Amino acid sequence: MFNSFFILIFSYVVRFIAISYNSINSGFKKISININEVSRSLGINFFKTLFFIEIPLIKHSIIGGFILVFIDILKELPLTLILRPFNFETLSTKTFNLVSNEMIAESSSYALIIIIISLFFIFFLNSLTKNSKSCENTKD
Amino acid sequence: MKILKIKNISKKYYNSNSFAVNDFSLSIDKGELLCLVGESGSGKTTILRLIAGFEQLSNGSIEIDNTIVSSNYKFVSPDKRNIGMVFQNYALFPHLTVKKNILFGLRKSNESKKKFFEVLNFVGLFGFEDKYPFELSGGQQQRTALARTIILNPKIVLFDEPFSNLDNKLKEKVRNDLKNILKKGNITSIIVTHDIKDALSIADRIVIIRNGILQQVDIPYEIYCNPVNNYIAQYFGEINRIKSLSVNNGFISELGFIHCSDKLSSNKDIILNIRSENIEICEFEVGICKGCVKSVVY
């Protein structure tokens, strides 16, 4: 299992679960408890309430949590270096290896890709936050 | 025909030393509009939640349509009780249109579309079916919440402070509209409110609760004119309280002697509760209090 994709993904989950949990939890806190209760009083079961009411209402938090974890994993180095499979490289390990070999110019292109991807998602996250704030007016 | 029977129910929350509801009993007829009235924290919302099934009883039993839905041995979950609930904030699903909100609890069938338009007309929301909740006024949101509930033909509809989010002008209109809709559909309903005006203007019967204990159940006129205790007398409108001593033919009070035609037991300390609309200014004579109007406040 060591140096396999499974252990790498498992370690990412353990390492970053708190970030996604907080994001989704804050989404749930924004939903009034009455929404769940009214759904139950309409004869709707737990799963239908979850899939048709609660998940659509917290979709911004889910996407936000995904982006935060994605950016963190994109630039994550120590775990990936230790647990990655043989011959498997990520942008951060590639950058690290090139810098270790004093190939600064070559490494800069990988570092730039990390920065550009991160910036794109940060802008996306920012616009998502603005959207969810304007939608808060509709919260019961 | 009694649709709801509440027998000696009590509710104690696990982190509390006192009962939120204590030995409360009540029966409701089909089509009746009942108002639960009490101060904040008196236990009225807890009673509503116990009926809906969102809380479990500590003691007693609740029967809906002659079937026990809640007792020490039985508990029917809220989705199987066929009881509608309209919350203080209406709890409309903000990402769904009026149409989808109303149809959410209804199983899709050929009749559901016909029923939807019937209910939409009934609550006066025709033309608003494609709007989202945030595009509606407070009154329209309330009617949407009501339509979403009554489309399922619930045995009882429970309202938790339905008028508290509305301004005074809108409140009066919504109150009258709601009463008309409920009466037209012969819908059994319980409305929780702390506003005596709401209760007096729409209720068939009023239930007054204090610290989880039932105080009085009666029609609005009796509650207002013949309250069973000082608390209810003071709760339902401005009242003058005058310490007096009863004598054979009247009272000796701080304002002087007040004549009473009823025969009274003598030498008893009592408090006279007199509503301001029952005071009349007239020529002075024996047995009538003498006073002076010092100021007038509108």
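Chains as they are written, first to last, in the working numbering: chain G, 120 to 259; chain P, -7 to 290. Quick reminder that beta carbons are idealized off the backbone N, C-alpha and C, glycines included. Since this is a predicted model, take the numbers as computed values, not measurements.
Query raised in the report: From what residue to what residue does the beta strand (DSSP E) around Gly229 (chain P) run?
Result: Mapped onto the second sequence, residue 229 (chain P) falls at position 237. Gly229 (chain P) -> no beta strand (DSSP E), and no H or E assigned at all.
Query raised in the report: Grouping DSSP H, G and I as helix and E and B as strand, with all else coil, what is Gly52 (chain P)?
Result: Here residue 52 (chain P) refers to the residue found at position 60 when the second sequence is read from its first residue. Strand.
Query raised in the report: Can you list, in chain order, the residues of its chain whose CB lies under 6 Å from that of Ser130 (chain G), leaving out five sequence neighbours each side?
Result: Translated into positions along the first sequence, residue 130 (chain G) becomes position 11. Taken in chain order, the residues that qualify are Leu198 and Leu202.
Report task. Tell me, to the nearest whole angstrom, how far the beta carbon of Val166 (chain P) is from that of Gln134 (chain P); I am working on the premise that it is less than 8 Å. Result -> Position 174 of the second sequence, counted from the first residue, corresponds to residue 166 (chain P). Position 142 of the second sequence, counted from the first residue, corresponds to residue 134 (chain P). The beta-carbon distance between Val166 (chain P) and Gln134 (chain P), rounded to whole angstroms, is 6 Å. This is short enough to meet the 8 Å contact definition.
Report task. Quick one: give me the first and last residue of the beta strand (DSSP E) that Gln208 (chain P) is part of. Result -> Position 216 of the second sequence, counting from 1, holds the residue named residue 208 (chain P). Run containing Gln208 (chain P): Ile205 to Asp210, per the beta strand (DSSP E) assignment.
**Report entry** Contact set between Asp71 (chain P) and chain G, taken where Cβ atoms lie within less than 8 Å
**Finding:** Against the second sequence, residue 71 (chain P) aligns to sequence position 79. Listed by position along chain G, the residues whose Cβ is nearer than 8 Å to that of Asp71 (chain P) are Arg159, Ser160, Leu161, Gly162, Ile163 and Asn164.
Query raised in the report: Is Ile75 (chain P) close to chain G, meaning its C-beta is less than 8 Å from at least one C-beta of that chain?
Result: Within the second sequence, numbered from 1, the residue matching residue 75 (chain P) stands at position 83. By this cut-off, Ile75 (chain P) is an interface position.
Requested in this report: Report the three-state DSSP secondary structure of Phe107 (chain P) (helix, strand or coil).
Outcome: Position 115 of the second sequence, counted from the start, is the residue given in the question as residue 107 (chain P). For the record, residue 107 (chain P) in the displayed sequence is Lys; it is not Phe. DSSP places Lys107 (chain P) in helix when its eight states are reduced to three.
Query raised in the report: Which of helix, strand or coil does DSSP assign to His179 (chain G)?
Result: The residue you call residue 179 (chain G) lines up with position 60 of the first sequence. Under the three-state reduction of DSSP output, His179 (chain G) falls in the helix class.
Query raised in the report: Does Phe189 (chain G) get closer than 8 Å to chain P when you measure Cβ to Cβ?
Result: Numbered from 1 along the first sequence, position 70 holds the residue referred to as residue 189 (chain G). Not closer than 8 Å to any Cβ of chain P, the Cβ of Phe189 (chain G) fails to qualify, so no.
**Report entry** Reduced DSSP category for Leu84 (chain P) - H, G, I as helix; E, B as strand; rest coil
**Finding:** The residue you call residue 84 (chain P) lines up with position 92 of the second sequence. Note: Leu84 (chain P) maps to coil in three-state DSSP.
Query raised in the report: Where does Arg159 (chain G) fall in DSSP's three states?
Result: Indexing the first sequence from 1 puts residue 159 (chain G) at position 40. Reduced to three states, the DSSP call for Arg159 (chain G) is helix.
Report task. Note down, in chain order, each residue of its chain lying with its Cβ closer than 6 Å to the Cβ of Val68 (chain P), except the 5 sequence neighbours on either side. Result -> Position 76 of the second sequence, counting from 1, holds the residue named residue 68 (chain P). The residues are Val61.
Report task. Please decide whether Ile139 (chain P) counts as near chain G, where near means a Cβ-Cβ distance under 8 Å. Result -> Here the question's residue 139 (chain P) lines up with position 147 in the second sequence. Note that residue 139 (chain P) is Ala in the sequence shown here, rather than Ile. It does not; no Cβ of chain G falls within 8 Å.
Query - Ser245 (chain P) - containing beta strand (DSSP E), residue span - result: Counted from its first residue, the second sequence places residue 245 (chain P) at position 253. For Ser245 (chain P), the enclosing beta strand (DSSP E) covers residues Gly242 to Ser245.
Report task. Using the Cα positions of Leu95 (chain P) and Gly162 (chain G), report the straight-line distance between them to the nearest angstrom. Result -> The sequence position of residue 95 (chain P) within the second sequence is 103, counting from 1. The sequence position of residue 162 (chain G) within the first sequence is 43, counting from 1. Leu95 (chain P) and Gly162 (chain G): Cα-Cα distance of roughly 12 Å.
Query raised in the report: In terms of alpha-carbon separation, which member of P:Pro86, P:Tyr5, P:Asn102 and P:Ile54 lies closest to Ile(-2) (chain P)?
Result: Within the second sequence, residue -2 (chain P) is the residue found at index 6, counting from 1. Ranking the options by Cα distance to Ile(-2) (chain P), first place goes to P:Ile54.
Query raised in the report: Taking Ser17 (chain P) as the reference, which of P:Ile201, P:Glu230 and P:Lys91 has the closest Cα?
Result: Walking along the second sequence from the start, residue 17 (chain P) turns up at place 25. Taking only the C-alpha atoms, the option nearest Ser17 (chain P) is P:Ile201.
Report task. Look at the alpha carbon of Ser160 (chain G) and the alpha carbon of Asn74 (chain P), and state the distance between them as a whole number of angstroms. Result -> By one-based count along the first sequence, residue 160 (chain G) stands at place 41. By one-based count along the second sequence, residue 74 (chain P) stands at place 82. Their Cα atoms are separated by approximately 7 Å.
Requested in this report: Could you list the residues in the segment 172 to 198 of chain G with a C-beta less than 7 Å from some C-beta on chain P, going in chain order?
Outcome: Residues Ile172, Pro175 and Leu176.
Query raised in the report: So, does the CB of Asn81 (chain P) fall closer than 8 Å to a CB anywhere in chain G?
Result: Residue 81 (chain P) sits at position 89 when you count from the first residue of the second sequence. Taking Cβ atoms only, chain G reaches closer than 8 Å to Asn81 (chain P), which makes this a yes.
Query - Limits of the unbroken alpha helix (DSSP H) element including Thr209 (chain G) - result: Here residue 209 (chain G) refers to the residue found at position 90 when the first sequence is read from its first residue. Segment: none, Thr209 (chain G) is in no alpha helix (DSSP H) and carries neither H nor E.
Query raised in the report: How is Arg73 (chain P) classed by DSSP in three states: helix, strand or coil?
Result: By one-based count along the second sequence, residue 73 (chain P) stands at place 81. In the structure shown, the three-state DSSP call for Arg73 (chain P) is coil.
**Report entry** the segment 127 to 160 of chain G: positions lying closer than 7 Å to chain P by Cβ
**Finding:** Using a CB distance below 7 Å, the part of the segment 127 to 160 of chain G facing chain P consists of Ser151, Asn153, Ile154, Glu156, Val157, Arg159 and Ser160, ordered along the chain.
Requested in this report: Enumerate in chain order the residues of its own chain whose CB-to-CB distance from Gly204 (chain P) is below 6 Å, with the five nearest sequence positions on each side excluded.
Outcome: Position 212 of the second sequence, counted from the start, is the residue given in the question as residue 204 (chain P). Cβ neighbours of Gly204 (chain P) beyond the five flanking positions: Phe11, Ala12, Val13, Asn14 and Gly35.
Query raised in the report: Per DSSP, what kind of secondary structure is Asp191 (chain G) in: helix, strand or coil?
Result: If you number the first sequence from 1, residue 191 (chain G) lands on position 72. In the structure shown, Asp191 (chain G) falls within a helical segment according to DSSP collapsed to helix, strand and coil.
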